[in-house]
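> Just passing along the structure, written as structure tokens.
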């Protein structure tokens with residue numbers, strides 16, 4: 028949770044169908060902080076029911092790809108100006124440090140200007156508190172799968 032800047036935030040609509048969106052986040056003290064404008068469907072859904080999940084991938088990090096973690100938890104909506112400004116500053120400074128030459132948005136991002144851009148009456152902040160995690164390590168799975176496949180192939184060859 029401490030090394031990535033994007034996650035997939037998931038919630039359920041009124042009918043109970045799961046939905047998700049990839050969004051920027053800031054990790055602070057074991058919580059995941061995000062922002063959106065209040066007219067987004069996820070905000071209405073979270074206002075109804077804070078149960079939610081966050082999925083993070085190791086792709087693009089020092090760990091390489093193939094590792095994920097899914098967090099189950101609850102999300103709270105914040106509209107307090109102090110909380111919003113605190114989060115906007117953390118997000119802007121974090122995004123300005125991202126070295127992604129393929130991302131025109133973050134290349135040369137001015138943190139102070141981005142904070143001003145975010146600071147609108149329509150914008151709110153989401154605080155996600157994880158309650159359970161489900162990790163996945165593709166490297167471990169590949170090793171286990173390779174051994175199991177080799178055993179299966181040897182048995183199949185012996186049976187022929």
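Residue numbers (the working numbering): 28 to 187. We put the CB at the ideal spot given by N, CA and C, even for glycine. Because the structure is a prediction, the values reported are computed rather than measured.
1. Where are the beta strand (DSSP E) runs, 3 residues long or more, that stay fully inside the segment 54–102, in chain order?
2. Among all the DSSP beta bridges, which residues are the ones paired with residue 148?
3. To the nearest angstrom, how far is it from the Cα of residue 184 to the Cα of residue 174?
4. Sorted by chain position, which residues of the same chain lie with C-beta nearer than 6 Å to residue 69's C-beta, five sequence neighbours on each side aside?
5. Cα-Cα, which of 78, 59 and 182 is closest to residue 114?
6. Between 160, 182, 55 and 71, which lies nearest to residue 95 when the distance is taken from Cα to Cα?
7. Just tell me which of 36, 108, 73 and 42 has its CA closest to the CA of residue 81.
8. Based on Cα-Cα distance, which residue from 42, 44, 41 and 122 lies nearest to residue 61?
9. Are residue 33 and residue 51 close, meaning C-beta to C-beta below 9 Å?
10. For residue 98 versus residue 157, is the C-beta distance shorter than 9 Å?
11. Thinking just about the alpha-carbon of each residue, which of 117, 78 and 103 is nearest to the one in residue 55?
12. Who are the Cβ neighbours of residue 162 in its own chain at under 7 Å, not counting the five residues just before and after it?
13. Would you say residue 79 and residue 100 are within 9 Å of each other, going by their C-beta atoms?
In this structure, then:
1. 58–64 and 78–84
2. Taking the first residue of the chain shown as position 1, residue 148 is located at position 121. Partner(s): none; residue 148 has no beta bridge.
3. For the purposes of this step, residue 184 is taken as the residue at position 157 of the chain shown. For the purposes of this step, residue 174 is taken as the residue at position 147 of the chain shown. The straight-line gap from Cα to Cα measures roughly 15 Å.
4. Residue numbering aside, residue 69 sits at position 42 when the chain shown is read from its first letter. Hits under 6 Å: 38.
5. Working through the chain shown from its first residue, we reach residue 114 at position 87. Nearest of 78, 59 and 182 to residue 114, Cα basis: 59.
6. Stepping through the chain shown from its first residue, residue 95 is reached at position 68. Comparing Cα positions, the closest option is 160.
7. As a first step, residue 81 is located in the chain shown; it is residue number 54 there, counting from the start. Here the closest residue by C-alpha is 36.
8. Position 34 of the chain shown, counting from 1, holds the residue named residue 61. Considering only alpha carbons, the answer is 122.
9. As a position in the chain shown, residue 33 is number 6, starting the count at 1. As a position in the chain shown, residue 51 is number 24, starting the count at 1. Result yes, Cβ atoms of residue 33 and residue 51 sit closer than 9 Å.
10. Within the chain shown, numbered from 1, the residue matching residue 98 stands at position 71. Within the chain shown, numbered from 1, the residue matching residue 157 stands at position 130. Closer than 9 Å, so yes.
11. The count along the chain shown starts at 1 and reaches residue 55 at position 28. For the residues 117, 78 and 103, the minimum Cα distance to residue 55 belongs to 117.
12. As a first step, residue 162 is located in the chain shown; it is residue number 135 there, counting from the start. Non-local C-beta neighbours of residue 162 in its own chain, meaning closer than 7 Å and more than five positions away in sequence, comprise 96, ordered along the chain.
13. Taking the first residue of the chain shown as 1, we reach residue 79 at position 52. Taking the first residue of the chain shown as 1, we reach residue 100 at position 73. Yes; because the gap between Cβ atoms is below 9 Å, this pair is in contact.
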